[in-house]
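*Asks:* What follows is a structure written as structure tokens; I'll ask about it next.
Printed below as a string of structure tokens:
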């Protein structure tokens, strides 16, 4: 099934974030930005925190998280 199939409903994925990669724990088509709440299609996911295990929509959101929480947990 793909997004063009009738009845396709986007689902939120659950990922384990690694250095430079991630592992899909629960399949889906997107994750939500931890700062903005914006859905991020998996093929557009480029920013995340390994320490906090959270995704970011863009570099601005990633920097905001860093400013708020620092690098660690």
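Residue numbers (our numbering): 270 to 342.
We put the CB at the ideal spot given by N, CA and C, even for glycine.
Only a predicted model underlies this, so the values are computations on that prediction, with no experimental measurement involved.
State the DSSP-derived secondary structure class of residue 290, mapped to helix, strand or coil.
*Replies:* Residue 290 falls in the strand class under three-state DSSP.
*Asks:* Quick one: grab the DSSP three-state call for residue 315.
*Replies:* Of the three classes helix, strand and coil, the one that applies to residue 315 here is coil, per DSSP.
*Asks:* Under three-state DSSP, which class holds residue 304?
*Replies:* Residue 304 falls in the coil class under three-state DSSP.
*Asks:* On the CB-based measure, 16 or more other CB atoms within 10 Å of its CB, does residue 235 come out buried or exposed?
*Replies:* Lying outside 270 to 342, the shown extent of the chain, residue 235 is not represented and no answer is given.
*Asks:* Between which two residues does the beta strand (DSSP E) harbouring residue 281 extend?
*Replies:* Counting along the chain, residue 281 falls outside any beta strand (DSSP E), and DSSP gives it neither H nor E.
*Asks:* Roughly how many whole angstroms lie between the Cα atoms of residue 291 and residue 305?
*Replies:* Between residue 291 and residue 305, the C-alpha separation is close to 20 angstroms.
*Asks:* Taking Cβ positions, are residue 293 and residue 282 nearer each other than 9 angstroms?
*Replies:* Yes, the pair counts as a contact, with Cβ atoms nearer than the cut-off.
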